[in-house]
């Protein structure tokens, strides 16, 4: 292995959060979990359930950096939605109508992808705990142009419509791995991350 290839491999390993499923298991049981990338950067994930809403927030040093909110509907269907179309999520301001958001100064680090992985994992846990036997499905509506690539990389099947682009995640057993980049990644760092998913 060349020196450059060895350095690239080491960087990829440092971006990973070890044992994604283990983090989800702890989050489900304890309602909070620590995520640490290989660079030593720590994030705290918190899980809250209010009725059929599953809410996960991610913070760094007590500063909320992002959230994902899902609602459990019926027959194994979950939707990524905000709990209100008029008031913003407490973790991130100016987010009415959004079910997944990361504060602007924390973007381009893979935190949205991490939240999406955690949301998928928590929905899978909920689905299995309820003993659902039907089809497992996570629906993302109003997928923005900038979010389209992220959802596709996660295995969402994208259905483009006239006014709304929807994505469906159907795998009830696989949780995508979590990778968190160090600080704000360069263009090349983000490109390599996207190509490796």
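Numbering (the numbering used here), first residue to last: -8 to 188.
We treat Cβ as the ideally placed atom computed from N, Cα and C, and that holds for glycine.
Quick caveat, the model's predicted, so the values are computed rather than measured.
| Item | Value |
| --- | --- |
| Determine the direct distance from the alpha carbon of residue 132 to that of residue 159, and round the result to whole angstroms. | 9 Å |
| Just to confirm my understanding: we take residue 103, look at its own chain, exclude 5 residues before and 5 after, and list those with CB closer than 7 Å. What are they? | 57, 91, 93 and 141 |
| Which term fits residue 25, buried or exposed, when burial requires 16 or more other beta carbons within 10 angstroms of its beta carbon? | exposed |
| Which residues does DSSP list as the beta-bridge partners of residue 113? | The partner list for residue 113 (beta bridge, DSSP) is empty, contrary to what the question assumes. |
| Leaving out the 5 sequence neighbours to the left and right, which residues in its chain are closer than 8 Å to residue 111 when beta-carbon positions are compared? | 129, 145, 160, 166 and 167 |
| Let me know the secondary structure DSSP gives residue 17 once reduced to three states. | helix |
| Label residue 205 either buried or exposed according to how many other C-beta atoms from any shown protein chain fall within 10 Å of its C-beta, with 16 as the threshold for buried. | In the structure as shown, the chain starts at -8 and stops at 188, and residue 205 therefore has no counterpart that could be examined. |
| Would residue 67 be called buried (16 or more neighbouring beta carbons within 10 Å of its own) or exposed? | buried |
| What does DSSP give as the partner residues of residue 100 in its beta bridges? | Residue 100 pairs with nothing; no bridge assigned. |
| Please report how far the alpha carbon of residue 29 lies from the alpha carbon of residue 173, in whole angstroms. | 9 Å |
| Any idea what DSSP makes of residue 190, helix, strand or coil? | The structure shown does not extend to residue 190, since the chain is modelled only from -8 through 188, so no value can be given for it. |
| Nearest-angstrom Cα distance between residue 134 and residue 59? | 14 Å |
| Taking the Cβ atom as the reference point for each residue, do residue 105 and residue 169 lie within a distance shorter than 8 Å? | yes |
| With DSSP collapsed to three states, give me the class of residue 11. | helix |
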